[in-house]
Amino acid sequence: MEIYYRVFVPVIIGLIYWWIYSFILWRFIIEYERVVVTTSMLLVILSGFGLFYLIRYLNNYNFIRKYKIPEVLMILFLILAFAGSFSYTENNNWQNLKLHSVVDEEIIFSPAAPANNYLTEEDLQLFSGITGKEFFKCSLERTCYWNCY
């Protein structure tokens, strides 16, 4: 029972922070991005526990055990997740996500491009004259700079 508290309590605290951050724009104890990532991972872990107990409960029925329905559903889910993993950012639905300011109704924030849009045509033109150089970024820095040496 103690493991449930170790998962439930942080999830509840994370959801409270997430809810608070949906109404304010300034930082409150911990950054919004960290709250979202951590709470999302904990929710996935919690849903895994729920799915485990659901499958264990359903295995009590002979019909489900006889035809191995949970195993078939897991395999189908893995196939669908694998097939969808190659194209989940290709459509431009991320552009429809808009953040409206609570301070000024006219201010609308647009999201950044997904990770698969690395370089634009302008970037390629800017860096076209650079050859044989090595680029890197500092992974531990909060604000990263591109260095050329």
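With our numbering applied, the sequence shown closes on residue 1059, and no number is skipped along the way. For glycine and all other residues, C-beta sits at the position ideal for the given N, C-alpha and C. Given the structure is predicted, the values throughout are model-derived calculations rather than measurements.
Rounded to whole angstroms, the separation of the alpha carbons of ASN1001 and GLY994 is 12 Å. At a Cβ-Cβ threshold of 8 Å, VAL917 and TRP928 do not count as neighbours. Counting along the chain, PRO980 sits inside the alpha helix (DSSP H) bounded by residues 979-994. If you draw a 10 Å sphere on the C-beta of THR949, you find 16 or more other C-beta atoms in it, and that means buried. In chain order, ILE1018 place their CB closer than 7 Å to the CB of HIS1010, counting only its own chain and leaving out the 5 sequence neighbours on each side. No Cβ-Cβ contact shorter than 8 Å links LEU952 with PRO980. Separation of SER932 and TYR963 (C-alpha to C-alpha, rounded to the nearest whole angstrom) is 32 Å. Under a 10 Å Cβ-count criterion, GLY958 is classified as exposed, with fewer than 16 other Cβ atoms of the shown protein chains found around its own Cβ.
In this structure, the straight-line span from the alpha carbon of LEU961 to that of PHE996 is close to 25 Å. Cβ-Cβ distances below 8 Å link ARG975 to ASN969 in the same chain, with the five nearest sequence neighbours on each side left out; the list follows chain order.
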